[in-house]
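These notes concern the structure reproduced below.
Protein chains: 8
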Amino acid sequence: MDDIDLKILEMLRKNARESLANIGKSVELSAPAIGKRVKQLEEKGIILGYSLKLNHEKLGIRTKAYIILKIHQSSTLKTAYNQIAHLTEVQRCDRITGDDCLCILAFFKDNKELITFLERISQYGVPNTSILLES
Amino acid sequence: MDDIDLKILEMLRKNARESLANIGKSVELSAPAIGKRVKQLEEKGIILGYSLKLNHEKLGIRTKAYIILKIHQSSTLKTAYNQIAHLTEVQRCDRITGDDCLCILAFFKDNKELITFLERISQYGVPNTSILLES
Amino acid sequence: MDDIDLKILEMLRKNARESLANIGKSVELSAPAIGKRVKQLEEKGIILGYSLKLNHEKLGIRTKAYIILKIHQSSTLKTAYNQIAHLTEVQRCDRITGDDCLCILAFFKDNKELITFLERISQYGVPNTSILLES
Amino acid sequence: MDDIDLKILEMLRKNARESLANIGKSVELSAPAIGKRVKQLEEKGIILGYSLKLNHEKLGIRTKAYIILKIHQSSTLKTAYNQIAHLTEVQRCDRITGDDCLCILAFFKDNKELITFLERISQYGVPNTSILLES
Amino acid sequence: MDDIDLKILEMLRKNARESLANIGKSVELSAPAIGKRVKQLEEKGIILGYSLKLNHEKLGIRTKAYIILKIHQSSTLKTAYNQIAHLTEVQRCDRITGDDCLCILAFFKDNKELITFLERISQYGVPNTSILLES
Amino acid sequence: MDDIDLKILEMLRKNARESLANIGKSVELSAPAIGKRVKQLEEKGIILGYSLKLNHEKLGIRTKAYIILKIHQSSTLKTAYNQIAHLTEVQRCDRITGDDCLCILAFFKDNKELITFLERISQYGVPNTSILLES
Amino acid sequence: MDDIDLKILEMLRKNARESLANIGKSVELSAPAIGKRVKQLEEKGIILGYSLKLNHEKLGIRTKAYIILKIHQSSTLKTAYNQIAHLTEVQRCDRITGDDCLCILAFFKDNKELITFLERISQYGVPNTSILLES
Amino acid sequence: MDDIDLKILEMLRKNARESLANIGKSVELSAPAIGKRVKQLEEKGIILGYSLKLNHEKLGIRTKAYIILKIHQSSTLKTAYNQIAHLTEVQRCDRITGDDCLCILAFFKDNKELITFLERISQYGVPNTSILLES
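Residue numbers (our numbering), protein chains in the order written: chain A, 203 to 337; chain B, 203 to 337; chain C, 203 to 337; chain D, 203 to 337; chain E, 203 to 337; chain F, 203 to 337; chain G, 203 to 337; chain H, 203 to 337.
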């Protein structure tokens with residue numbers, strides 16, 4: 203990874219749909235040369251993918267919450283993680299230090315959806331919920 | 203927003219660099235028609251931008267942490283938020299319920315960088331740190 | 203709902219037995235006109251009922267307590283809620299964020315009644331009790 | 203206070219606008235006799251007033267919260283209580299055992315109003331907020 | 203109970219072996235008159251008994267501890283109380299607010315005795331121990 | 203200290219006003235011999251005094267509380283201890299492990315007296331109060 | 203133990219491989235005399251052994267952690283202690299006051315090893331982990 | 203570092219005063235060869251020193267404690283660390299995650315010495331103390 207790669211990553215981080223031509227201009231390389239480098243960054247596993255930044259409120263999200271799930275038995279944490287990380291409401295799911303737990307960031311249409319979610323995950327552990335007031 | 207818009211969002215969420223042509227194929231519309239809809243989603247503020255999913259470990263990140271910053275005085279929380287949310291190490295910064303605090307997700311090269319960060323933000327409040335063990 | 207409705211609600215909030223005539227005077231409408239509006243507020247479900255403000259001490263209440271009931275299993279919280287919310291000692295019963303729990307406000311003749319209550323609800327969860335010192 | 207008084211209180215608790223005639227019927231007394239007893243219950247300070255049960259959601263309330271305000275200095279708790287208890291958003295305000303604090307139940311139009319409220323009361327102490335998910 | 207009774211209680215509180223004659227002198231009554239009053243205070247259940255203030259260190263006590271025993275099931279708290287309150291190491295045993303628990307003050311020859319005690323009472327709940335550093 | 207001393211202590215612990223004659227009978231010694239031994243136990247500082255066991259409820263005590271006073275500055279804990287330990291409401295006052303604090307057991311006529319007490323001691327630290335429900 | 207013994211301990215504490223001759227010089231005794239004293243200190247059980255101070259980072263240790271293991275049942279704490287204290291990752295293992303628990307200091311190659319360790323010990327209790335940031 | 207170095211470290215870990223000759227025998231090398239390797243391990247900074255394992259009880263230690271010192275201001279944590287880590291009572295001093303704090307392991311002659319220590323370090327932060335019951 204050289205300085206040009208870092209510059210490419212920086213531009214894509216700001217706008218993942220930036221055209222190769224535009225990136226090329228700012229580092230004085232051709233679009234195909236940039237395309238080759240981007241491909242390499244993907245192949246090396248540095249770039250894992252391209253995602254959207256959405257205004258979730260406009261899509262009907264009214265309740266965002268961090269949920270700390272204190273696992274009943276540490277030995278079942280991996281199972282819990284695999285079940286929970288891929289639920290559609292879940293934005294992030296991380297095992298963190300402190301009490302042995304998962305820290306889940308999830309978005310919901312309303313409090314009812316949050317309650318349903320809490321009931322679903324409570325088979326793995328004891329949830330503690332904090333609502334996001336401002337982001 | 204109709205079903206086609208939802209389908210477009212879903213495809214871009216999976217790959218924000220998906221070509222308009224490919225999206226068009228799956229909803230049986232032309233690339234320019236898709237382009238127009240994407241533009242509208244941007245103009246309505248539903249799509250806020252396009253970002254990268256990076257393998258931070260490969261970029262030298264060895265310490266990831268959630269930091270709960272319990273603010274000294276609630277009245278200074280907004281200032282703290284504005285100062286902290288845009289620091290380069292910070293991935294997310296949210297005001298959450300429970301103790302009046304900011305919940306900060308930040309990535310660091312090593313523990314030293316984390317310590318420097320803690321010292322910088324401790325002017326606004328009392329930090330509590332949890333290390334991400336697995337994501 | 204217009205300004206007159208808001209005025210009616212404000213007057214009834216202060217004194218739910220206020221006569222329709224008195225309310226009418228202050229908004230320059232007839233008693234029957236007020237009666238019609240009150241009926242509509244009831245029918246729309248805005249006014250749910252009329253209640254008493256009592257001096258509970260004079261009725262023999264010596265111990266008032268907030269009880270946080272941390273539910274054993276989130277999936278049983280709804281059952282617990284339904285059983286507890288309608289007990290005669292219970293003034294309020296709300297599911298709140300933080301640890302998954304019910305927040306119960308209840309009034310008791312004395313500490314013995316409180317202890318009996320704690321024992322009864324402990325089948326649903328682990329209680330934490332705070333006594334009201336001043337209201 | 204005799205059994206008839208208790209019966210009157212019970213009926214008014216269910217519906218504070220119940221007519222004296224109806225109450226009279228159920229205890230086999232005349233409306234004026236009931237009126238006299240109600241007046242005595244008011245004069246003895248047992249009945250403190252008559253209030254409304256409102257559907258706050260229909261009046262635009264989207265965020266209900268319990269806020270525990272841990273007072274900076276116990277000696278200022280009384281001042282804090284007097285300032286906070288009469289704010290329009292406040293439904294209940296009680297000094298409780300545990301950490302020396304006020305337990306405040308308050309209703310807000312949205313999270314922004316809640317944040318403004320937190321900032322206003324944070325001059326007296328450190329707030330801890332729990333959102334009501336279900337009542 | 204009159205002022206003379208209060209004076210008697212005050213003198214006995216300072217020295218429970220004070221002679222009736224001495225108490226009598228200070229309230230200008232005869233010893234038999236005092237004896238009669240003391241007997242009445244006992245019969246009314248105001249005086250429950252007479253106890254020693256001991257220097258426990260000189261009797262070999264090296265570890266004094268407050269133990270908060272968080273009961274597994276509130277319904278078993280009474281049983282736990284009855285079993286624990288009369289153990290020889292126990293000085294006080296009270297059910298207190300907060301988490302549903304017993305607050306036990308107990309004295310031990312050494313840390314080993316404390317550990318044995320913790321193991322014995324842990325069948326009723328989860329102990330939390332604080333050592334007395336200074337009294 | 204021999205077995206006879208231990209027997210004397212045991213009898214006085216049960217009834218501090220036990221007559222020397224009665225104690226003597228049970229250990230087969232004369233009253234004067236017992237008196238001499240008791241005097242020695244006092245002189246060695248093993249017996250610190252004789253106190254009353256009172257029914258505090260019958261003396262008007264309605265609120266008993268444990269108060270954990272978390273000291274503002276450890277260096278002022280000794281001052282706080284000296285001021286607080288001798289207040290008339292205070293039954294016990296101990297410095298304990300955990301957070302640097304005093305654990306105070308105190309008895310009050312009612313909640314108002316407790317509140318006044320909390321305000322008085324809050325100059326030294328932050329109080330946390332638990333009410334005794336059963337002893 | 204005299205002053206010379208204390209001096210010997212002090213020198214060995216700084217460098218456990220210090221030669222007897224060097225120690226002897228500083229206390230004006232012969233090497234054999236020092237040897238005899240060291241032997242006595244070992245026989246009395248004052249010196250339990252001689253250990254290395256290692257740079258664990260240079261041996262591949264990247265994660266050091268304190269783990270508080272809150273035991274499921276106090277009666278099983280001794281078993282847990284015996285199993286855990288001798289695991290190779292464990293540097294210290296102590297039963298401490300507060301919640302009935304073991305306080306474990308352990309060193310790991312990486313976070314994965316820590317997670318494996320947490321899962322292994324979670325059969326005895328609930329772990330709470332703190333990472334060492336600086337020593 | 204090869205297997206022989208690892209074997210040398212293992213033997214020295216068990217007994218830091220092990221003779222080079224004995225180590226040599228077990229790896230089939232001469233004492234001077236071992237001496238050279240040990241020197242290299244010291245020069246590479248892998249071996250930092252040689253220390254004693256002492257029976258502290260026999261040296262008069264009666265109170266061992268873990269003290270979590272929650273620092274007043276994170277920016278002063280480094281100063282606190284430097285002042286505290288080298289005090290004679292201190293065995294370990296580590297900055298750990300969770301609340302921004304130092305975790306101090308220290309040994310004391312008695313509770314009085316512990317109290318003096320708490321008062322000395324309380325200028326840097328708020329101490330929380332746990333006594334070691336068993337090691």
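Cβ coordinates follow ideal geometry from the N, Cα and C atoms, glycine included.
Check                                                                                                                                                                                         : Outcome
Exposed or buried, which one is N284 (chain B) when buried takes at least 16 other CB atoms within 10 Å?                                                                                      : exposed
Taking the alpha-carbon positions, what's the R264 (chain F) to D301 (chain E) distance?                                                                                                      : 21 Å
Cα separation between F319 (chain E) and C303 (chain G)?                                                                                                                                      : 15 Å
Whose C-beta lies closer than 7 Å to the C-beta of R219 (chain E) among residues of the same chain, with five residues either side of it excluded?                                            : none
Let me know the secondary structure DSSP gives I306 (chain D) once reduced to three states.                                                                                                   : strand
Taking all protein chains shown into account, do 16 or more other C-beta atoms lie within 10 angstroms of the C-beta of T281 (chain C), making it buried, or fewer, making it exposed?        : exposed
Which of the three DSSP states, helix, strand or coil, is assigned to Q325 (chain C)?                                                                                                         : coil
Using a C-beta cutoff of 8 Å, does N217 (chain F) count as contacting chain D?                                                                                                                : no
Assess contact between the segment 320-328 of chain B and the segment 270-279 of chain H, defined as three or more Cβ pairs (one per stretch) separated by less than 8 Å. Is contact present? : yes
Report the three-state DSSP secondary structure of D301 (chain F) (helix, strand or coil).                                                                                                    : strand
Between which two residues does the alpha helix (DSSP H) holding I269 (chain G) run?                                                                                                          : Per DSSP, I269 (chain G) belongs to no alpha helix (DSSP H); it is in the beta strand (DSSP E), 265-273.
Out of curiosity, what's the CA-to-CA distance linking M213 (chain F) and H258 (chain F)?                                                                                                     : 24 Å
Would you report the Cα separation of D312 (chain F) and I270 (chain G), rounded to the nearest angstrom?                                                                                     : 41 Å
Among B:I273, B:L316, B:E244, B:T299, which one has its Cα closest to the Cα of L211 (chain B)?                                                                                               : B:E244
Consider the Cβ of L316 (chain F): report whether some Cβ of chain C lies at a distance smaller than 8 Å.                                                                                     : yes
Any C-beta of chain E sitting closer than 8 Å to the C-beta of E220 (chain C)?                                                                                                                : no
With 8 Å set as the bound, which would you pick, yes or no: does the beta-carbon of K263 (chain E) sit closer than that to a beta-carbon of chain G?                                          : The sequence shown places Ile at residue 263 (chain E), rather than the Lys named in the question. Answer no: the Cβ-Cβ gap between I263 (chain E) and chain G never drops below 8 Å.
Just verifying my parser: in three-state terms, what is the DSSP assignment at R239 (chain G)?                                                                                                : helix
Any C-beta of chain F sitting closer than 8 Å to the C-beta of I249 (chain E)?                                                                                                                : yes
Give the straight-line distance between the Cα atoms of K260 (chain D) and L231 (chain D), rounded to the nearest whole angstrom.                                                             : 39 Å
I'd like the span of the alpha helix (DSSP H) that includes K209 (chain F), first residue to last.                                                                                            : 205-216
G251 (chain E) lies in the beta strand (DSSP E); which residues open and close that run?                                                                                                      : 249-256
Our contact map puts L334 (chain G) next to I298 (chain H) with C-beta atoms below 8 Å; I'd like the distance itself, whole angstroms only.                                                   : 6 Å
Measure from the C-beta of K272 (chain E) to each C-beta in chain F and report whether the shortest distance is under 8 Å.                                                                    : no
Taking all protein chains shown into account, do 16 or more other C-beta atoms lie within 10 angstroms of the C-beta of L208 (chain H), making it buried, or fewer, making it exposed?        : exposed
To the nearest angstrom, how far is the alpha carbon of L256 (chain H) from that of A235 (chain G)?                                                                                           : 21 Å
Tell me whether L222 (chain C) sits in a helix, a strand or coil according to DSSP, three-state version.                                                                                      : helix
Does any residue of chain G have a CB that is nearer than 8 Å to the CB of S332 (chain E)?                                                                                                    : yes
Report yes or no: is there a C-beta of chain B within less than 8 Å of the C-beta of N257 (chain G)?                                                                                          : no
For A233 (chain E), I'd like the list of residues in its chain whose CB is within less than 7 Å of its CB, leaving aside the five on either flank, ordered along the chain.                   : L222, A223, G226
Quick one: does T290 (chain H) have its CB under 8 Å from some CB of chain B?                                                                                                                 : no
At which residues does the alpha helix (DSSP H) containing T281 (chain A) begin and terminate?                                                                                                : 279-287
Comparing the C-beta of Q275 (chain C) with each C-beta of chain A, is any distance below 8 Å?                                                                                                : yes
Report the neighbours of L320 (chain C) on chain E: residues whose CB is nearer than 7 Å to its CB, in chain order.                                                                           : S276, D302
Which term fits D205 (chain B), buried or exposed, when burial requires 16 or more other beta carbons within 10 angstroms of its beta carbon?                                                 : exposed
When we look at the beta-carbon of K266 (chain A) and count the other beta-carbons within 10 Å, is it buried (16 or more) or exposed?                                                         : buried
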